[in-house]
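At position 213 of the first sequence (counting the first as 1) the number is 241 in the numbering used here, and the numbers step up by one without a gap. Glycine residues also receive a C-beta, built at the ideal position from the N, C-alpha and C atoms. I have placed the structure first, in the form of C-alpha cells, so that the comments after it can refer back to it.
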Amino acid sequence: MATTLPRNGELADQLDLLADLMELEGSDYFRVSAYRRAATRIRETAGPVARLAVEGRATELPGIGKTIEEKIVQVVEDGEIHALTKRKQAVPEELVLFMRLPGLGPKTVQRIWQELGITTVDGLREAAEAGRLRTLQGMGAKSEEKILEALRAEPEPAGPRRTPLGAALPALEAAVAELQEHPAADKVSIAGSARRMRETVRDLDVIATATDPAALLDHFTTLEWVAEVAARGGTKATVVAHDGLRFDLRVVPPECFGNLLQHFTGSKQHNVALREDAVRRGLSVSEYGVTEVETGVVHAFATEEELYAFLGYAYIPPELREAAGELEAARRGELPELVETAQLRGDLHTHTTWSADGKSTLAEMVAAAESRGYAYYAVTDHSHYLREGRLEAQWEEIDRLQEQVGIRILKGVEVNIRADGTLDLPDEVLAQLDWVVASVHAVRERRTTERVLAALDNPHVDCIGHLTGRKLGLRGPAEVDFGEIVVRALETGAFLEINAQPNRLDLSDVHARAAREAGLKVVVSTDAHEVASLGFARFGIGVARRAWCTPEDVLNTRPWEQIVELRQSR
DNA sequence: GCCGTTTTCGGCCCGACTGTTTTCAGTCG
29 MATTLPRNGE LADQLDLLAD LMELEGSDYF RVSAYRRAAT RIRETAGPVA
79 RLAVEGRATE LPGIGKTIEE KIVQVVEDGE IHALTKRKQA VPEELVLFMR
129 LPGLGPKTVQ RIWQELGITT VDGLREAAEA GRLRTLQGMG AKSEEKILEA
179 LRAEPEPAGP RRTPLGAALP ALEAAVAELQ EHPAADKVSI AGSARRMRET
229 VRDLDVIATA TDPAALLDHF TTLEWVAEVA ARGGTKATVV AHDGLRFDLR
279 VVPPECFGNL LQHFTGSKQH NVALREDAVR RGLSVSEYGV TEVETGVVHA
329 FATEEELYAF LGYAYIPPEL REAAGELEAA RRGELPELVE TAQLRGDLHT
379 HTTWSADGKS TLAEMVAAAE SRGYAYYAVT DHSHYLREGR LEAQWEEIDR
429 LQEQVGIRIL KGVEVNIRAD GTLDLPDEVL AQLDWVVASV HAVRERRTTE
479 RVLAALDNPH VDCIGHLTGR KLGLRGPAEV DFGEIVVRAL ETGAFLEINA
529 QPNRLDLSDV HARAAREAGL KVVVSTDAHE VASLGFARFG IGVARRAWCT
579 PEDVLNTRPW EQIVELRQSR
C-alpha cells in the first residue's frame, strides 16, 4: 500500500476523467453522472476520503456506494482506478479537451473521433481549418468557426475560467443598478453562484421582472461595457464584457419571480435534489412554477419564501444551497440561524503603514473601524517590521490614539511561523500583546501541518492566520492535516481564522464547516492593509455562512470581555 | 452507479437557446 494517501482532489479528478472517457464511449448517462456526483462530493469533503474508503466508511457519504468506494481503494493501492487505466487504452485522452470548447459536447466529440478519426487538439484545428468538420451531419460553417475562434484564443482548452467573488460581486451589483434604472425594469436581482457567495464564479447571473421584457433585454445587450452578445432570446440573453466577464439576464413575469430567483440561484445540485424530492410527491418544479402532475395545476410564487414553504421546507439561505444536507435540515426545521456581517463586533487581523505593505495609517484604519461600528480592533502588523524597538514605538502611538477614540484598540501582531515551527518574536514579547495571530508565509517550504501544530503549542498564540496560504488563481492550498490541526486548536484554546481577503478566503468554506462541526470557533478577519479592505468582511462572512456558522460559531461576534474570558478558561 | 415515507428494481430535473434543420438534437445552466 502507498505510504501517503491520495488527496481528495486526486480522487475526484480520476473519477471525473473516468466519467468523461465513459461518456465519450457512449456509456449510460446515469452511471456517468453518478461518477461526477461522487467527484463533487469528494472535493467538498474536508477529511481524507481515501482513509474513509480504506476503513469501509466512504459509503457514509451521500452519492458514494460500494462500487465507488472500491474504486477509491484501488487508487490507494495501485495509484489509479482500474477502470480508468482500461478506458485510457480505449479512448484517446486528449478528446476530453475537446469537450471544453464552446458548443462541443460528448455527442459531437464522439462523432468527430469516430467518423473523422481525429484524436488530438492539433488534428481538430487542422480539420476545422480545412473545413472538414462541416462534413459531419449537424455541423455547419458557423460551428466550425466557433471552434477555431476558441482554439485561437486558447490553444490548449483549459476549461472555464473562474473569477474571484471579490471582483465579480461588485461588477454584478453595478450591472443590477444599471438595469434597475431602466423604465421597463421592475424587480432586478443578483442570482447564481455569486448570490450563494461561492469563492469564485463563472457566469454572473441577473434576473428581473419587467413591464416590457424585450426593451429590458435590448437595454442589457447594448450597455456600454458589453463587448459581445453571446446569446439573445425572448426571455434570456448572455453578454460578455470587455474584461471577459459573462453576464446572463433572464426576464420573467412578476407572479413567478420567486420561482425564477430560486431556480437561477442554484446550485444545480440543490435544484436537482429539490426537484427529485418534489417528483416523489407528485410535483414538478421548474423556473415558472410548481405543477401538480395529477391535475396540471400550476403554483407560481412571487417570493422564494413562499416557494420553499409550499414545498415543505423552511426558507433556505442561498449560501446553504449546495445539496449538502440543507434540504433535509430545512424539512425538519433545523437550519442554523446564520451569522451576518452586521454582527461582527471587531476585526482581529489588520495592518497599517507600520507594515511595509500597509497603505493606510494607524489613525486612518482605527477611524474607519470605528465608523463601521466595531467595538474593538486589533492592530496586527507583521512581526518582521516590528523589531528593534519599533513594536514599543507602535504601542506608544496606539496609547496616544486610544485617548482620542471610543473604539478599543488591541495591541496585536501577525507573527511569522518559521520553517522549524518557532515564532519570530520571543515569548516575553508575545506575552505583552492583546492578540497574537500566527501565520505561515513561506508556503513553499513544506511541513505546514507540523509548523502550525508547533505554533498552536505556544500559549501566546490566539489564532492561526490564512492556514493554507492559497491565493485563488495563483497558487493552491498547502496540504495540511486539517483534522489534526482542529484537534490541537481545541486542546490549546486557539482559533482558526477565515481570512476575508477575496483572493484568499482561507479557511475555505469546506474547512470552516469541518471546524464548526468539530466545535471549534472561527474568527472572521479582513487582513486589511488599507481602509477600503475593511469592507472585505462580507466575503469572510460569506464563507462562514456557507460553513453553516451561527453568530455563536464566530468568535468576533462577541464582546471583547467575553473573548478574554474564553481565553482565560483555556 | 446510487438510492428508497410507494420501491432492493427501476427510476434518476427541467427548460432555453443554437445551429442545423424543416421538427430536432445537442449543449448549457
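Item to complete: Give a yes or no on whether the C-beta atoms belonging to E122 and T148 are separated by under 7 Å.
Response: yes
Discussion item. Considering Cα atoms alone, identify which of E593, T237, K215, A196 is closest to M225.
Written reply: A196
Discussion item. Can you tell me whether F564 is buried or exposed? The criterion is at least 16 other CB atoms within 10 Å of its CB, across all chains shown.
Written reply: buried
Fill in: Uninterrupted beta strand (DSSP E) stretches inside the stretch 277 to 316 (no shorter than 3 residues)
311 to 314
Discussion item. Applying the 10 Å Cβ sphere with the 16-neighbour rule, what's the burial state of G493?
Written reply: buried
Worksheet item: Per DSSP, E320 forms a beta bridge with which residues?
Response: L311
Discussion item. If you measure between the beta carbons of F329 and N287, is that distance less than 7 Å?
Written reply: yes
Worksheet item: Mind checking whether F275 and K215 have CB atoms under 7 Å apart?
Response: no
Discussion item. On the DSSP bridge list, what partners appear for D233?
Written reply: A219, D276
Worksheet item: Do you know offhand how far Q42's Cα is from V204's?
Response: 39 Å
Discussion item. Quick check: what's the CA-CA separation for M29 versus E525?
Written reply: Interpretation of M29 is limited by its pLDDT of 45, a score under 50 that renders its predicted location unreliable; no figure is taken from the coordinates.
Worksheet entry | Which listed residue (T369, N36, V407, G324) has its alpha carbon closest to that of G570 | T369
Worksheet item: If we ignore side chains and look at the alpha-carbon of each, how far apart do R498 and S467 end up?
Response: 12 Å
Practice prompt. Determine the direct distance from the alpha carbon of Y63 to that of K46, and round the result to whole angstroms.
Written response: Before going on, a small fix: residue 46 reads as Leu here, not Lys. When rounded, the distance between both Cα atoms is 8 Å.
Worksheet item: My guess is that E558 and S388 are in contact by the Cβ rule of under 8 Å, so how many angstroms apart are they, rounded?
Response: 5 Å
Worksheet item: Mapping DSSP to helix, strand and coil, what is N444?
Response: strand
Item to complete: Flag this pair as touching only if the stretch 72 to 87 and the stretch 144 to 160 have three or more C-beta atom pairs under 8 Å; answer yes or no.
Response: no
Worksheet entry | Proximity to T237 [Cα-Cα], best of V267, N299, Y316 | Y316
Worksheet entry | For N179, three-class secondary structure by DSSP | Note that residue 179 corresponds to Leu in the displayed sequence, not to Asn. Looking at L179 - three-state DSSP - the assignment turns out to be helix.
Worksheet item: Distance, Cα to Cα, R574 vs T163?
Response: 48 Å
Item to complete: State whether the stretch 506 to 518 contacts the stretch 475 to 495, with contact taken as three or more CB pairs (one from each stretch) at a distance under 8 Å.
Response: yes
Worksheet item: Are there three or more Cβ pairs, one per stretch, closer than 8 Å when the stretch 237 to 246 is compared with the stretch 267 to 283?
Response: yes
Practice prompt. Output the boundary residues of the alpha helix (DSSP H) element that contains S536.
Written response: That residue, S536, is in no alpha helix (DSSP H); it is neither H nor E in DSSP.
Worksheet item: Near F523, which residues of its chain fall below 6 Å by C-beta distance, leaving aside the five closest residues on each side in sequence?
Response: C491, K549, V551, L583
Worksheet item: Between which two residues does the beta strand (DSSP E) containing L152 stretch?
Response: From DSSP, L152 is part of no beta strand (DSSP E) but of the alpha helix (DSSP H) over 149 to 157.
Item to complete: Report buried or exposed for A540, applying the criterion of at least 16 other Cβ atoms within 10 angstroms of its Cβ.
Response: buried
Practice prompt. Run the CB neighbour count on T32, radius 10 Å, all protein chains shown included, and call it buried at 16 or more, exposed below.
Written response: exposed
Fill in: For S411 and P345, the rounded distance between their alpha carbons
40 Å
Discussion item. Just to confirm the assignment, what range does the alpha helix (DSSP H) spanning N36 have?
Written reply: 36 to 53
Discussion item. Can you tell me whether Q460 is buried or exposed? The criterion is at least 16 other CB atoms within 10 Å of its CB, across all chains shown.
Written reply: exposed
Worksheet item: Based on the DSSP secondary-structure assignment, which residues constitute the bridge partners of Y63?
Response: Per DSSP, none; premise fails for Y63.
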